[in-house]
Amino acid sequence: MTGNVETEIVEAVADAKGTDPMELDCPLYEYIDFGAIRQLADRDNTSWTLSFELPDHDVTVTSDGVVQVDETSRRLSA
1 MTGNVETEIV EAVADAKGTD PMELDCPLYE YIDFGAIRQL ADRDNTSWTL
51 SFELPDHDVT VTSDGVVQVD ETSRRLSA
């Protein structure tokens with residue numbers, strides 16, 4: 001997976017909340033382990049899907065670079 005998955009998750013959640021990523025009202029690190037997500041993202045030959053819940057949002061990240069918050073998806077930039 002290329003791109004910065006952590007940044008993409010933060011931006012996707014901020015977009016879903018209609019706010020700037022720096023103004024998110026819930027610190028994402030309290031709900032998810034970015035190190036674990038980075039380890040998954042670094043596995044180029046493995047197919048995986050990770051889903052987790054945040055207050056008011058459901059997030060899914062896949063090995064093919066899709067970050068989905070609720071019903072809105074975005075693809076990781078290269």
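Residues in the sequence shown are numbered from 1 upward in steps of one, following this note's numbering.
The C-beta atom is built at its ideal place from N, Cα and C for all residues, glycine as well.
Because the structure is a prediction, the values reported are computed rather than measured.
Legend entry - Entirely enclosed beta strand (DSSP E) segments - the stretch 6-76, minimum 3 residues: 49-54, 57-62, 66-69, 72-75
Legend entry - Distance between residue 71 and residue 38 (C-alpha atoms, nearest Å): Numbered from its first residue, the sequence shown carries residue 38 at position 38. Numbered from its first residue, the sequence shown carries residue 71 at position 71. Spanning the two alpha carbons is a distance of roughly 23 Å.
Legend entry - Beta-carbon proximity check, residue 59 vs residue 13, cutoff 8 Å: As a working note, residue 59 is residue 59 in the sequence shown. As a working note, residue 13 is residue 13 in the sequence shown. A contact, by the Cβ cut-off of 8 Å.
Legend entry - Contact under 8 Å by Cβ, residue 8 with residue 67: Within the sequence shown, residue 8 is the residue found at index 8, counting from 1. Within the sequence shown, residue 67 is the residue found at index 67, counting from 1. Their beta carbons are under 8 Å apart, which means residue 8 touches residue 67 by this criterion.
Inset, instruction - Kindly give me the distance between the Cβ atoms of residue 46 and residue 62, rounded to whole angstroms, as I take these residues to be in contact under 8 Å. - result: Reading the sequence shown from its first residue, position 46 is the one you call residue 46. Reading the sequence shown from its first residue, position 62 is the one you call residue 62. Contact flag wrong, Cβ pair sits at about 11 Å.
Legend entry - CB-CB length for residue 17 against residue 24, believed under 8 Å: Against the sequence shown, residue 17 aligns to sequence position 17. Against the sequence shown, residue 24 aligns to sequence position 24. Contact holds; Cβ gap of about 7 Å.
Inset, instruction - Please work out which residues of its chain come closer than 6 Å, Cβ to Cβ, to residue 31, disregarding the five sequence neighbours upstream and downstream, and give them in chain order. - result: Taking the first residue of the sequence shown as position 1, residue 31 is located at position 31. Closer than 6 Å at Cβ, skipping near neighbours: 54.
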